[in-house]
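Read in order, the letters of the sequence shown are residues -26 to -1, 1 to 105 in mature numbering (1 follows the signal peptide of the UniProt record, and there is no 0). Glycine residues also receive a C-beta, built at the ideal position from the N, C-alpha and C atoms.
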Amino acid sequence: MKRLPFTPLVLSALAVLFLAAAPAAAQQDMTHVPTEAFKKLTRPPAAFAHDAHNEKAGLADCTACHHGEKDGKRDQASDTAGIPCADCHTVAAQPGKTPLERAYHRQCMDCHLTQKKGPVTCGDCHKPAAK
């Protein structure tokens, strides 16, 4: 049987499609802001149903939250969807970088305050798990 010359191209295209869909699938199941990077939590993880939140808020552009960085400044043109926040924002403060907890708080609360919608107090987001 003769092998088609474009098989590697087709397989590469399928791999790219799969890898692009994986982050979206992972976020569908998100119910809380990821806290794995923190050694010890002082509050319960913040409730956050990714897809339900974005639908209710009318957010279709991933870069509204998943921003990149260029020359030490936030870059809204760079889409980092699928990359954990902790990959760029460390728990301990680094020179010139926003620490992870502050990045979460600024991302969420600044938007809620600007839009005049959504929770802005600790207990509104950090709720104990239902028993």
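- When rounded, the separation of the alpha-carbon atoms in Asp49 and Glu43 is 5 angstroms.
- Assignment of Asp45 by DSSP, reduced to helix, strand and coil, places it in the coil class.
- Counting every other CB atom within 10 Å of its CB across the protein chains shown gives Cys96 a total below 16, marking it as exposed.
- Judged by DSSP in its simplified three-state form, Ala21 adopts strand.
- Take the alpha-carbon of Pro18 and the one of Pro102: they are about 6 angstroms apart.
- In this model, Ala34 and Arg80 are separated by some 20 angstroms (Cα to Cα).
- Closest by C-alpha distance to His86, out of Cys39, Cys59, Pro58, is Cys39.
- Taking C-beta separations shorter than 7 angstroms and ignoring five residues to either side along the sequence, the partners of Phe12 in its chain run Val65, following chain order.
- Proximity to Ile57 across Lys47, Cys36, Gly46 peaks at Cys36, based on C-alpha coordinates.
- When DSSP reads this structure, His6 sits in a beta bridge with Ala21.
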